[in-house]
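So the sequences go chain by chain: V and W. According to my numbering, the residues represented by the first sequence are 123 to 375, in order. According to my numbering, the residues represented by the second sequence are 123 to 375, in order. Beta carbons: idealized from backbone N, C-alpha and C, even for Gly. In what follows, a structure is listed as structure tokens, so that the remarks can point back to it.
Protein chains: 2
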Amino acid sequence: MTDSCIIRHFEHYAELGQDDRELLDSLEKTPKDFSKGQLIWQQGMESDHFYTVRSGWACSFRNMEDGSRQVQDLYVPGDIVGLREFAFRRRVSNLLTVTNTTLCPFPKNRLTDVFSTSRLLCNLFFLIAARDQAILVERLINLGRRTAREKVAHFLLEMAHRLDKACMDVHDCNHLPLTQVLLADALGMSTVHANRTLNELKQESLTALGPDGITLLDRDGLKDVAGFDPEYLDADVEGLLKNIGAPASSQPA
Amino acid sequence: MTDSCIIRHFEHYAELGQDDRELLDSLEKTPKDFSKGQLIWQQGMESDHFYTVRSGWACSFRNMEDGSRQVQDLYVPGDIVGLREFAFRRRVSNLLTVTNTTLCPFPKNRLTDVFSTSRLLCNLFFLIAARDQAILVERLINLGRRTAREKVAHFLLEMAHRLDKACMDVHDCNHLPLTQVLLADALGMSTVHANRTLNELKQESLTALGPDGITLLDRDGLKDVAGFDPEYLDADVEGLLKNIGAPASSQPA
DNA sequence: GACCGAACATAACCTATGTTATGTCGCAGT
DNA sequence: ACTGCGACATAACATAGGTTATGTTCGGTC
């Protein structure tokens with residue numbers, strides 16, 4: 123298997139031709155290591171690259187005037203970070219590493235070349251953007267219409283499910299390297315209440331808390347709490363491939 | 123000017139070549155009229171088309187188990203509805219008209235043809251998807267980290283700003299045909315509280331309430347309340363066009 | 001091995017917002 | 001003209017979740 127992040131990423135979905143691989147390979151830059159808690163970009167900076175996550179976790183967020191923070195999304199191995207900023211010259215949010223992380227940079231304005239050169243990759247990029255939207259919508263629903271308990275359970279399940287699918291070098295998909303502060307900021311609640319809720323779930327043996335994050339003990343139980351349905355995470359790659367007449371990946375999706 | 127919704131939509135951004143126009147024209151179907159309060163599609167239905175809004179308003183939403191509703195987004199003239207579903211075989215949300223509406227259907231799986239045929243359109247579609255994401259993220263922040271007052275003010279400003287940009291046959295961009303129920307469902311709050319908040323803003327002469335919707339009276343005042351910054355709505359079309367070497371639209375963006 | 005700062009825990013108290021209930025108004029249909 | 005319904009208004013009351021405060025634990029560092 124290739125060493126390139128982004129090739130690896132796409133081969134997860136579909137079998138790439140030699141052309142596609144070469145194209146991607148020529149554009150991707152060498153991976154960069156970031157340590158935990160490092161600010162990778164800041165609102166207002168020029169948005170010239172996006173990244174593929176090779177290992178580790180990152181999050182995008184925005185600082186509010188009152189000093190609080192809203193985390194917009196978390197990124198796990200295999201995710202593409204910063205596609206959103208395709209439409210903007212400057213970054214509209216901050217990006218921070220959650221753990222030690224390796225990212226592969228890709229120049230934003232070369233995306234255009236990819237679009238015109240590879241029908242397959244163009245469509246896959248679009249599919250990914252659509253799935254990203256679906257994730258945002260689901261979080262919207264989480265924030266708007268669920269209780270703290272439901273929010274937390276739902277969010278944990280989503281991240282675990284995304285880890286499952288990432289299927290990269292992740293060992294234990296039930297373990298999430300999240301601090302309670304981060305969780306609270308992602309779910310629009312206070313740290314104190316995040317703690318309360320998490321401990322509640324712990325009492326019920328649904329989760330476990332360690333110094334290095336949160337562990338899911340009982341996914342079915344959590345599912346009952348949250349009403350979680352992973353449908354929105356499962357993009358219809360096969361349908362797309364069939365539509366554009368491309369061979370599917372040999373790997374299971 | 124053309125009669126096609128989608129051509130009109132894109133010409134708003136950039137000058138289309140004759141090829142592009144013909145391509146779009148061949149794919150778009152004849153406009154369809156819907157009356158106020160009509161359910162256009164439902165969760166679970168096959169997602170075979172997306173729509174361009176020619177006139178009127180629509181909203182996408184999801185019904186929750188407890189009977190409540192979360193509105194995901196509103197669509198105004200010029201918007202494209204349903205691009206999100208590109209990644210999914212079935213619709214992941216419901217679509218409802220807010221007013222009488224005219225929509226132009228476009229078969230989803232022909233998008234692929236557009237991508238491979240027109241470099242310009244492909245990039246514009248991607249830009250639109252990215253802007254849609256930015257809108258969702260901003261709503262996320264709204265729900266997560268703002269008070270009811272701020273939420274309402276921010277949301278009203280966003281919609282007004284989007285109307286400004288739509289620049290289609292909209293007469294008064296300060297008038298939004300929203301019911302209080304809809305507003306509440308979009309902002310994840312109760313109708314009662316939406317009413318309270320709206321009346322508060324009305325006391326301060328920031329908005330006016332009529333039987334047919336909400337009117338913005340003092341955008342600057344609302345801006346002060348909400349801390350609204352329209353940056354996330356203003357996609358960098360020029361940068362994109364320059365990057366792909368296409369001529370800009372003669373019309374002001 | 002003393003010090004420091006994250007992250008976590010817990011309690012007491014407070015408030016923004018939800019809930020329930022009831023009433024008015026205007027308008028569409030009969 | 002009567003009825004019914006949907007949108008809006010408002011008041012009384014309930015509560016989920018925020019805020020403030022204080023303490024513990026633990027890993028890093030000089």
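8 Å CB neighbourhood of S312/W in its chain, flanking five on each side removed: Closer than 8 Å at Cβ, skipping near neighbours: A306.
Residues that DSSP places opposite F172/V in a beta bridge: F228/V.
Any chain W beta carbon closer than 8 Å to S190/V: True, the Cβ-Cβ gap to chain W drops below 8 Å.
DSSP-derived helix/strand/coil call for M156/W: Residue identity check: residue 156/W is Phe in the sequence provided, not Met. Strand.
Whole-angstrom distance between D286/W and D351/V, CA atom to CA atom: Whole-angstrom Cα-Cα distance: 37 Å.
I162/V and L218/V closer than 8 Å at C-beta: Yes, they are a contact pair.
Cβ-Cβ separation, R268/W to E322/W (assumed contact under 8 Å), whole Å: Their Cβ separation, rounded to whole angstroms, is 15 Å, which puts E322/W and R268/W out of contact at 8 Å.
Collapsed DSSP secondary structure at Q165/V in the structure displayed: In the three-state reduction of the DSSP assignment, Q165/V falls in the coil class, being assigned neither a helical nor a strand state.
Buried/exposed call for P227/V, threshold 16 Cβ in 10 Å: Here P227/V is buried. Its C-beta has 16 or more other C-beta atoms within 10 Å.
is_contact[L249/W, chain V] using C-beta, thresh 8 Å: Under the Cβ criterion of 8 Å, L249/W is counted among the residues facing chain V.
Straight-line gap, A316/V to R143/V (C-alpha atoms, nearest Å): Within the model, the alpha-carbon separation for A316/V versus R143/V is close to 44 Å.
Minimum Cβ-Cβ distance from G200/V to chain W less than 8 Å: Not closer than 8 Å to any Cβ of chain W, the Cβ of G200/V fails to qualify, so no.
Cα-Cα separation between G159/V and R212/V, rounded to whole angstroms: Distance between the alpha carbons of G159/V and R212/V: 22 Å.
Min CB distance Q255/V to chain W below 8 Å: The C-beta of Q255/V comes closer than 8 Å to at least one C-beta of chain W.
Contact check, L279/V vs K324/V, beta carbons under 8 Å: No, the Cβ-Cβ distance between L279/V and K324/V is not below 8 Å.
Exposure of G310/V, with buried meaning 16 or more beta-carbon neighbours within 10 Å: Buried, since its Cβ has 16 or more Cβ neighbours within 10 Å.
Short-range partners of chain W found in the segment 293 to 311 of chain V, where Cβ spacing is below 9 Å: Per Cβ criterion, the list reads D307, A308, L309, G310 and M311.
Identity of the residue in C181/V, T301/V, D235/V and E360/V nearest G367/W by Cα: It is D235/V whose Cα lies nearest to the Cα of G367/W.
C-alpha gap between V224/W and I128/W, whole angstroms: Here residue 224/W is Thr; the residue named in the question, Val, does not match the sequence. Going from the Cα of T224/W to the Cα of I128/W covers about 12 Å.
Cβ of C355/W within 8 Å of any chain V Cβ: The residue you asked about is not Cys; residue 355/W is Leu in the sequence shown. No, no contact with chain V.
Length at least 4, wholly inside the segment 231 to 295 of chain V: the alpha helix (DSSP H) runs in chain order: Listed in chain order, the complete alpha helix (DSSP H) runs (minimum 4 residues) inside the segment 231 to 295 of chain V are 233 to 239, 241 to 267 and 270 to 288.
Residue interval of the beta strand (DSSP E) (run including S182/V): For S182/V, the uninterrupted beta strand (DSSP E) segment begins and ends at A180 to N185.
CB contact check: E187/V to chain W, cutoff 8 Å: With 8 Å as the cut-off, E187/V counts as an interface residue toward chain W.
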